[in-house]
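Those protein sequences? They're chains A and B, same order as listed.
Numbers in this note's numbering are just positions in the first sequence, counted from 1, shifted up by 32.
Numbers in this note's numbering are just positions in the second sequence, counted from 1, shifted up by 1215.
Taking it in order: structure first as structure tokens, then the write-up.
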Amino acid sequence: MADPLAFKRDTLSLHAGQKPDPTTGARAVPIYQTTSYVFDDTEQAASLFNLERAGHIYTRISNPTVAVLEERVAALEGGVGAVCTASGQAALHLAVATLMDAGAHIVSSASIYGGSHNLFTHTLPRFGIETSFVHPRDTEGFRQAIRAETRLVFGETLGNPGLEIMDMPAVAAIAHEAGIPLMIDSTFATPCLFRPIEHGCDIVMHSATKFLGGHGVAIGGVIVDAGILDWEASGKFPTLTEPYLGYHGIDFAEEFGPAAFIARARAEGLRDFGACMSPTNAFHILQGVESLPVRMARHVENARKIVAFLDGHDAVSWVSYPELPSHPDHERAQILLPQGSGAIFCFGVKGGREAGRAFIEAVELLSHLANVGDAKSLVIHPASTTHQQMDAAALEAAGVGEDMVRLSIGLEDAEDLIADLERGLRAAARAAKGR
Amino acid sequence: MDIKVDGATAFAATGGRAFDPSLPVTVFVHGAAFDHTVWKLQARYFAWNGGSVLAVDLPGHGRSEGPPRPTIPAMADWLVALMDAAEVGEANLVGHSMGALVAMDAAARHGTRVRKLALLGAAPAIPVNDLLLGRSAEDDHHALELLTGWGYGRRAHYGVHKMPGIWMTGGGLRTLERAAPGVLHNDLVATNAYEGGEAAAATVACPTLVLIGARDLMTPAKRGHALAGMLPHSTTVVIPQAGHIMLDEEPDATLDALKDFLID
Chain A
33 MADPLAFKRD TLSLHAGQKP DPTTGARAVP IYQTTSYVFD DTEQAASLFN LERAGHIYTR
93 ISNPTVAVLE ERVAALEGGV GAVCTASGQA ALHLAVATLM DAGAHIVSSA SIYGGSHNLF
153 THTLPRFGIE TSFVHPRDTE GFRQAIRAET RLVFGETLGN PGLEIMDMPA VAAIAHEAGI
213 PLMIDSTFAT PCLFRPIEHG CDIVMHSATK FLGGHGVAIG GVIVDAGILD WEASGKFPTL
273 TEPYLGYHGI DFAEEFGPAA FIARARAEGL RDFGACMSPT NAFHILQGVE SLPVRMARHV
333 ENARKIVAFL DGHDAVSWVS YPELPSHPDH ERAQILLPQG SGAIFCFGVK GGREAGRAFI
393 EAVELLSHLA NVGDAKSLVI HPASTTHQQM DAAALEAAGV GEDMVRLSIG LEDAEDLIAD
453 LERGLRAAAR AAKGR
Chain B
1216 MDIKVDGATA FAATGGRAFD PSLPVTVFVH GAAFDHTVWK LQARYFAWNG GSVLAVDLPG
1276 HGRSEGPPRP TIPAMADWLV ALMDAAEVGE ANLVGHSMGA LVAMDAAARH GTRVRKLALL
1336 GAAPAIPVND LLLGRSAEDD HHALELLTGW GYGRRAHYGV HKMPGIWMTG GGLRTLERAA
1396 PGVLHNDLVA TNAYEGGEAA AATVACPTLV LIGARDLMTP AKRGHALAGM LPHSTTVVIP
1456 QAGHIMLDEE PDATLDALKD FLID
């Protein structure tokens, strides 16, 4: 935004959504560890409950510490507002539940986080919501999969685990032609590497547990409302354009305009589903957001060094990273992600499953666990962990092979990481010879 | 609700309650390229506390049909025509920025229709920056960015919206982006050209509130005070730290000033 007085990204990371605490002068964001808030008088209380005045009522719905994080992520993504949730999965569920009812349909990229895939495939159908999956590179496939009852197109900035990069502007245009939003999970990219709203996305979500928090200490999620889609013109979203009896007949699109979606997500979704973020978790994640631009630059710098080490290594059969010319989305990455394609990527260990197991058991500095986006480097074997719920066909559709190892490169010295990886690859080579 | 005005459908939000012209009516008028949603909190308060509300979309804005009116007096005449169509004999008029000029012009020329007048971010004249006018003539997005940047006060650029999780300048920019091509330029030209402010102010017979943002860059506080001095029956309230878009920056202070003034 070329607003002449607007702060730049690095400044927003530190200051958006916060003024020094007016009571104590505290410079850091205080942890408002409270469930509820004293009303000035009965009139103010009534006004708060009826959305005549804005403010905090109960921490399940909003909290001052959480609100700082919400504004900060909304500012970084270029949205109108945000709602933080108990986890990234809670963020995805909140968006779905705010947009649609039983009988609705979702079109999703096939290359997404295993937990999201599970929600779409196995859990949401119990509530009458079906999902069709499309390969993220099959742009026209998204159009063909959209039905009259489709209410959402979903994808990830960097597909999981293949780092596929969809033609987001084109997919957004297809969604908008159908009058429905494009929602993007941008956890792997963060707003420091990519801002989906600038490319047509309507709702951005993050697992804040990952790079936003950055230190592996707090679970959280967030959805950001771009405020661009005209829900009224679409005519497909009665939750946003018809009177809601659960809130005195409020019509969110009429009264909140571009903030209709995020207003309903909070007023109904947090109130009734209750998957709110705790103030302490918001505080921990805020510490990460404050250094996010600096950390992401280092994450990418380290990832590039590791990719260069692995690419062409004798014990490595392939490396999938969009900055490599061998990646199918290399050209698109150069256009959409010039700041870097993140720090999470996969490679194949020669020798298959046994070699992969030997590799993971031999590395010491890299931690074997089910998370990504930590300051510390992480390693996992997706076929046996994050994607283990998927059958063989779904694994193949998602591009997950048995030899695939996923790395999340942290902030350690790259030379130490390379030494650790070399140790693991030697073990893998021995295992491969012993087959 | 939709109302036919001059043969076109006009829209006015009613604060979440059915409109009842038998109650004390307050009419809210937005500024250049904005729409009724800027009044969301204040409109709900008046609608749910003994009054009835029409937060209008001026012609060509928001959900109202028709070409935007080219001058402030033409907008004021449309506003009175809307009151006629809604069977409102007398109302409080509340206007922001360009909408304040519209409300003041209506009060000056249709004095019997206005019970009380509240002017937010107002001045006897509101000359528009040449760069902003030029960019708006080209429907350049930069015009919206300039308006957001100068409209919101310095403090608002840090955020801290009263509505939890809302990014203030982001919401303002998106609201402006919803205006149809040409609407912002129409409004800025009309605002820039309006020379009847001093005469209108002197003619306003009803009690008038002048609500000033102390850090307003677009209608600086001293110009607001000057306007108050021209109005025969004025009350002035200054909101510290607020910029030009005080109704979004400081919604509670804005509401407090309005209800203290408008509700007997």
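All C-beta atoms, glycine included, are put in the ideal place defined by N, C-alpha and C.
### Message
For residue 437 of chain A and residue 252 of chain A, I'd like the C-alpha separation in whole angstroms.
### Response
25 angstroms
### Query
Can residue 1249 of chain B and residue 1390 of chain B be called in contact, C-beta distance under 8 angstroms?
yes
### Partner residues on chain B for residue 38 of chain A, Cβ-Cβ distance less than 9 angstroms
1360, 1363, 1364, 1372 and 1384
### Task
Spell out whether any CB of chain B is found under 8 angstroms from the CB atom of residue 312 of chain A.
no
### Task
Would you mind sorting residue 1298 of chain B into buried or exposed? The rule is 16 or more other CB atoms within 10 Å of its CB.
buried
### Message
Taking the alpha carbon of residue 303 of chain A as the reference point, which residue from A:36, A:43, A:100 and A:81 has its own alpha carbon closest?
### Response
A:81
### Task
With DSSP as the reference, label residue 150 of chain A as helix, strand or coil.
helix
#### Entry: Closest Cα partner of residue 235 of chain A within the set A:219, A:248, A:243 and A:246
A:219
### Task
Please go through the stretch 227–271 of chain A and give each complete alpha helix (DSSP H) segment of 4 or more residues, from N-terminal end onward.
263–266
#### Entry: Chain-ordered neighbours of residue 1378 of chain B on chain A, where CB pairs are closer than 7 angstroms
86
### Query
Which first and last residues belong to the beta strand (DSSP E) in which residue 1307 of chain B is found?
1306–1311
### Query
Under 8 angstroms Cβ-Cβ, which residues of chain A neighbour residue 1228 of chain B?
286 and 287
#### Entry: Nearest residue (CA-CA) to residue 105 of chain A, options A:129, A:210 and A:229
A:229
### Query
Checking contacts by CB at 8 angstroms: is residue 1252 of chain B closer than that to chain A?
yes
### Message
Please list the terminal residues of the continuous alpha helix (DSSP H) segment that includes residue 1363 of chain B.
### Response
1356–1366
### Message
At a CB distance below 8 angstroms, what residues from the stretch 68–92 of chain A approach chain B? Give them in sequence order.
### Response
79, 82, 83, 84, 85, 86, 87 and 88
### Test item: CB-CB of residue 183 of chain A and residue 108 of chain A under 8 angstroms
no
### Query
Of all Cβ atoms in chain A, is any one closer than 8 angstroms to the Cβ of residue 1375 of chain B?
yes
### Message
Using C-beta distances below 6 angstroms, list every residue in its chain close to residue 1327 of chain B, excluding the 5 sequence neighbours before and after it, in chain order.
### Response
none
### Task
Report all residues from its chain with a CB closer than 8 angstroms to the CB of residue 1448 of chain B; omit the five preceding and five following residues, and keep chain order.
1419, 1420, 1421, 1422 and 1423
### Task
Return no unless some Cβ of chain B is closer than 8 angstroms to the Cβ of residue 442 of chain A.
no
### 8 angstroms Cβ cutoff met for residue 58 of chain A and residue 1379 of chain B
no
### Message
For residue 1334 of chain B, report the span of its beta strand (DSSP E) as first-last.
### Response
1329–1335
### Query
Of all the options A:117, A:387, A:130 and A:203, which has the alpha carbon lying nearest to the alpha carbon of residue 140 of chain A?
A:203
### Message
I'd like the list of long-range same chain contacts for residue 356 of chain A, defined as Cβ closer than 8 angstroms, with 5 residues on each side in sequence excluded.
### Response
339, 343 and 362
### Task
Using a Cβ-Cβ cut-off of less than 7 angstroms, list which residues of the stretch 103–127 of chain A approach chain B; keep chain order.
103, 106, 107, 110, 111, 112, 113, 114 and 115
### Query
What does residue 99 of chain A reach in chain B if we use C-beta pairs closer than 7 angstroms?
1379 and 1380
### Task
Taking the CB atoms as reference points, tell me whether residue 255 of chain A and residue 426 of chain A lie closer together than 8 angstroms.
no
### Task
Could you name the residues of chain B that residue 529 of chain A contacts, counting a contact when the two beta carbons are closer than 8 angstroms?
Coverage of chain A is limited to positions 33 through 467, which leaves residue 529 of chain A absent and any answer about it impossible.
### Task
In the DSSP assignment, find the unbroken beta strand (DSSP E) run with residue 184 of chain A in it and report its ends.
182–188
### Query
Got a sec: which bits of the stretch 1459–1477 of chain B sit with their beta carbon under 9 angstroms from any beta carbon on chain A, in order along the chain?
1466, 1467 and 1470
### Contact the stretch 1259–1269 of chain B vs the stretch 1229–1247 of chain B: 3+ CB pairs below 8 angstroms
yes
### Query
Are the beta-carbon atoms belonging to residue 112 of chain A and residue 1382 of chain B less than 8 angstroms from one another?
yes
### Query
residue 61 of chain A and residue 318 of chain A look like a contact to me (Cβ under 8 angstroms); what is the Cβ gap, rounded to whole Å?
5 angstroms
#### Entry: Top-ranked residue by Cα proximity to residue 447 of chain A, from A:367, A:368, A:200 and A:333
A:333
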